[in-house]
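The sequence shown begins at 3 in my numbering and counts up one residue at a time.
Ideal Cβ placement from N, Cα and C applies to all residues, glycine included.
None of these values were measured; they are calculated from a predicted model.
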Amino acid sequence: MKKMEVMTLAMKPNILILGGGYGGIVTATKLTKELGVNEVNITLVSKHEYHYQTTWLHEPAAGTLDVDRARMPINSLIDENKVKFIQGEAEQVHPEEKKVSLANGEQLEYDYLVVSVGAIPETFGVGGVFEHSFNKWTVNGARELKEHTEYMFAKYNNDPRDEYVTFIVAGAGFTGIEYIGELSERVPELCKKYDVPLNKVKMYVIEAAPSALPGFDPELVEYAMNLLENRGVEFKINTPISEVTAEGVVLKGGEEIKSETVIWATGVRGNPIIEKSGFENMRARVKVDKDLRAPGHEDVFIIGDCALIINEEINRPYPPTAQIAIQQGETVAKNLAALIKGGQLQEFKPDIKGTVASLGGKEAIGVVGDKKLFGSSASFMKKMIDNRSLWILGGTGLVLKKGKNPF
Ligand code: NAD
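Below, the structure written as structure tokens:
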């Protein structure tokens, strides 16, 4: 390499992206459209060598979809000639030194950083969650829950204890409802496979708030609850869980329900890296500036579940969703290009197209624009949304490989 070329290489800014979820992958792929290899070095660091569709995990967790349909190698999504991928776990950002420490002790330097490291389960101080519940909405978490569920059915006839076939979902938010939708759809098949009478299986959804899916359209909530109750699900509403134990759950008021399978779905908080790195935060989420930078840090963008942005119409934070993380990735790519090439930074404005939740099989509920959807039309829409996210990440090829049949 000639001396001049070496100098240009060294002078190119280093963009470091942490996390291979929706926000990180979209940032990386969109950046390569905005900036050429002669202008920047782009590095993506992620814990696994695959990206996974977090929003699909309730399906493999209940065993209604092969987990490999919900994940894809990162190197199939990015152009490795333009983005360097490092498999590693980011542990801490050192903003003053412009460095990131990885779990293996390595340190990476950056000129610009994009933090897109997702969320962890929120316990709200309830004891025993990490010790006694299934709480990992990850590929490995889904595998474990699926295998455990089958094992419980397999055990029952040798040792017919009710707690083996009692399943408790903590939290009737979208995660809890989508999961129980899949499980309740699969239970008849599991009963048949393991010779367990259907009436022995108990499925509870326990919710602290006065309604399931708090804040969502009441008519659609009622539709979902009726449908799930008809599949044998029992809702306990206005009933916070106060402790998870080795035997099951303890409810506020003292009632205990025995179960070998407690699925924790009471919401999320940002990744602990945020707190460890000293960014001002609320539950590990940073109230980012309008251009998605961390306040006081002109070279650090924070997106996805670790970013807090306020919906000014209702003066409440937007929910941490894939839809928003994807849109933030697109904005950050443009803003990085503006910082590097010169230009105006864009303000991030979410374009919420709607919310649709699956209920298992060909059932779902949702609001798209100002239209309420339920049943098979909502299910069709949900599968189209799932396919669209594949298309954004990996184009038509990925949709053909991993996509869902909406019919
Ligand atoms: P969430 O915060 O939406 O729901 C968690 C629920 O758990 C709440 O209703 C809360 O009242 C309840 N809860 C809290 N503590 C409890 C306790 N001790 N006992 C019983 N219940 C308790 O969280 P989520 O469902 O994990 O969703 C996280 C985010 O992801 C949300 O913003 C959600 O909108 C989004 N999401 C969207 C979809 C979709 O659009 N299809 C699917 C999944 C998640």
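* **Completely contained alpha helix (DSSP H) runs for the segment 57–143, where each covers 4 or more residues** => 60–64, 131–134
* **Segment limits, alpha helix (DSSP H) that includes Leu18** => Where Leu18 is concerned, there is no enclosing alpha helix (DSSP H), although the beta strand (DSSP E) it sits in stretches over 16–20.
* On the premise that Val207 lies in contact with Phe176, defined as a C-beta separation below 8 Å, what is that separation, rounded to the nearest angstrom? -> No, Phe176 and Val207 are not in contact; Cβ-Cβ is about 12 Å, not under 8 Å.
* Got a sec? Which residues, its chain only, sit under 6 Å from Ser103 by beta carbon, not counting five neighbours each side? -> Once the five neighbours on either side are set aside, the close Cβ partners of Ser103 are Glu93, Gln94, Gln109.
* Could you tell me whether any non-hydrogen atom of ligand 1 is closer than 8 Å to the CB of Phe169? => no
* beta strand (DSSP E) runs wholly inside the segment 168–194, at least 3 long, in chain order -> At a cut-off of 3 residues, the continuous stretches assigned as beta strand (DSSP E) that sit fully inside the segment 168–194 are 168–172.
* To the nearest angstrom, report how far apart Lys336 and Ser379 are at their CA atoms. => Those two C-alpha atoms are separated by around 35 Å.
* Comparing alpha-carbon positions, which option in Lys351, Ile342, Phe303 lies nearest Glu314? -> Lys351
* Since Thr333 is in the alpha helix (DSSP H), which residue starts that stretch and which ends it? -> Element bounds for Thr333: 324–343.
* Asked: Any heavy atom of ligand 1 closer than 8 Å to the CB of Leu294?
  -> Outside the cutoff, so no.
* Is any heavy atom in ligand 1 found nearer than 8 Å to the beta carbon of Leu215? -> yes
* Between Ala63 and Glu191, is the Cβ-Cβ spacing less than 9 Å? -> no
* Asked: Mapping DSSP to helix, strand and coil, what is Thr10?
  -> Any reading at Thr10 needs caution, since the residue's pLDDT is 49, under 50, leaving its predicted position unreliable; the model's value is listed next. If DSSP states are grouped into helix, strand and coil, Thr10 belongs with the helices.
* Asked: Hey, how far is the Cα of Glu7 from the Cα of His96?
  -> In this prediction, Glu7 has a pLDDT of 46, which is less than 50 and means its spatial position is unreliable; what the coordinates show is noted afterwards. Roughly 30 Å between the two C-alpha positions.
* To do: Just confirm the distance between the C-beta atoms of Gly272 and Asp301, as a whole number of angstroms; I'd bet it's less than 8 Å.
  => With 8 Å as the limit, Gly272 and Asp301 do not qualify as a contact, their Cβ atoms being about 20 Å apart.
* Where the alpha helix (DSSP H) through Met284 begins and ends -> Where Met284 is concerned, there is no enclosing alpha helix (DSSP H), because DSSP gives it neither an H nor an E.
* Roughly how many angstroms lie between the CA atoms of Lys157 and Glu332, to the nearest whole one? -> 49 Å
* Asked: Hey, would you say the C-beta of Phe176 is under 8 Å away from at least one heavy atom of ligand 1?
  -> yes
* To do: Name the two residues that bound the continuous beta strand (DSSP E) containing Ser48.
  => 43–48
* Asked: Does the Cβ of Met3 have 16 or more other Cβ atoms within 10 Å, making it buried, or fewer, making it exposed?
  -> Reliability fails at Met3, whose pLDDT of 46 lies under 50, so the model's placement of it is uncertain and no value is given.
* Out of Leu46, Asn16, Tyr54, Met205, state which residue places its alpha-carbon closest to the alpha-carbon of Leu40. => In the sequence on display, residue 40 carries Asn and not Leu. Ranking Leu46, Asn16, Tyr54, Met205 by Cα distance to Asn40 puts Asn16 first.
* Asked: According to DSSP, which residues form a beta bridge with Leu310?
  -> Leu310 is bridged to Lys289.
* Quick one: is Ile316 buried, meaning 16 or more other Cβ sit within 10 Å of its Cβ, or exposed? -> exposed
* I think Val42 touches Ile342, with their Cβ atoms under 8 Å apart; what is that distance to the nearest whole Å? -> Taking 8 Å as the upper bound for CB-CB distance, Val42 and Ile342 are in contact here, some 6 Å apart.
* Just the C-alpha distance for Lys364 and Gly377, rounded to the nearest angstrom, thanks. => 7 Å
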